[in-house]
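See below for the structure under consideration.
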Ligand code: HEC
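Residue numbers (the numbering used here): 310 to 455.
Next up, the structure:
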């Protein structure tokens with residue numbers, strides 16, 4: 310970032326822009342990153358739960374469902390690197406076709422949920438929420454809860 314601020318213009322900027330894309334995440338980074346994505350999902354799901362139980366007004370219904378849909382896509386990508394560890398069971402990669410299918414299903418359903426939030430609002434989201442948030446279905450098989 311310092312480099313980016315120092316040389317606004319010319320080749321230095323180009324280098325600064327290219328560098329992050331070639332960054333190599335080590336194994337710990339890969340695990341920390343996917344856990345951060347999961348924690349974001351947890352916070353967004355909890356927020357949606359607060360709307361569902363009418364603890365807070367539904368003003369941000371669309372924002373939360375969109376955040377979940379976006380993070381579902383990020384979660385799928387974050388498991389593409391085969392890095393065992395964290396709370397992920399080795400089965401994530403041993404049965405990767407099934408794991409990926411579960412991720413795809415999660416991505417597809419949360420995408421529909423976000424669209425429903427825009428068109429149908431709270432009632433439709435409440436109806437689809439349990440089916441779309443397949444968190445437990447995946448965790449039961451692929452996560453070692455510490
Ligand atoms: C297709 C599988 C899958 C789905 C769907 C999924 N998760 Fe996860 N989740 C995992 C795996 C695997 C881990 C363990 C990751 C690790 O520790 O490396 C995990 C870890 C977590 C963690 C722990 C993160 C930490 O700090 O260690 C939380 C919280 C979490 N998930 C929340 C959610 C929520 C909320 C949803 C649904 C909205 C969800 N997950 C959907 C597979 C999934």
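Here a beta-carbon is modelled for each residue, glycine too, at the ideal position from N, C-alpha and C.
Simplified DSSP assignment, three categories, for residue i
i: residue 376; result: helix
i: residue 397; result: strand
i: residue 314; result: Unreliable positioning characterises residue 314 in this predicted model, as indicated by a pLDDT of 47, which lies under 50. The coordinate reading is nonetheless provided below. In the structure shown, residue 314 sits in a helix (DSSP, three-state: H, G or I).
Integer Cβ distance of residue i from residue j, believed to fall under 8 Å
i: residue 411; j: residue 444; result: Not confirmed; about 10 Å, so no contact.
i: residue 401; j: residue 342; result: Contact flag wrong, Cβ pair sits at about 15 Å.
i: residue 370; j: residue 377; result: Not a contact, Cβ separation roughly 11 Å.
i: residue 356; j: residue 373; result: 5 Å
i: residue 441; j: residue 419; result: 6 Å
i: residue 425; j: residue 434; result: 6 Å
i: residue 367; j: residue 439; result: Between residue 439 and residue 367 the Cβ distance is about 17 Å, and since that is not below 8 Å, they are no contact.
Residue i: CB within 6 Å of a non-hydrogen atom of the ligand HEC
i: residue 360; result: no
i: residue 412; result: yes
i: residue 397; result: yes
i: residue 348; result: yes
i: residue 442; result: yes
i: residue 340; result: yes
i: residue 409; result: no
i: residue 354; result: yes
i: residue 375; result: no
i: residue 400; result: no
Same chain, Cβ closer than 6 Å to residue i, neighbours up to 5 away in sequence not counted
i: residue 314; result: Note that residue 314 scores a pLDDT of 47, beneath 50, so its modelled location is shaky; the value from the coordinates is reported in the next line. Answer for residue 314: no residue qualifies.
i: residue 508; result: Lying before the first or after the last residue shown, residue 508 is absent from the chain, which here runs from 310 to 455.
i: residue 336; result: 392
i: residue 423; result: 374, 375, 378
Neighbourhood of residue i by C-beta distance below 7 Å, restricted to the same chain and skipping five residues each side
i: residue 340; result: 392, 394, 395
i: residue 397; result: 451, 452
i: residue 455; result: 396
i: residue 365; result: 359
Bridge partner(s) assigned by DSSP for residue i
i: residue 430; result: Partner(s): none; residue 430 has no beta bridge.
i: residue 343; result: Bridge partners of residue 343: none, in fact.
Residues of its chain near residue i, where Cβ-Cβ distance is below 8 Å and the 5 sequence neighbours each way are ignored
i: residue 334; result: 342, 390
i: residue 354; result: 377, 442, 444
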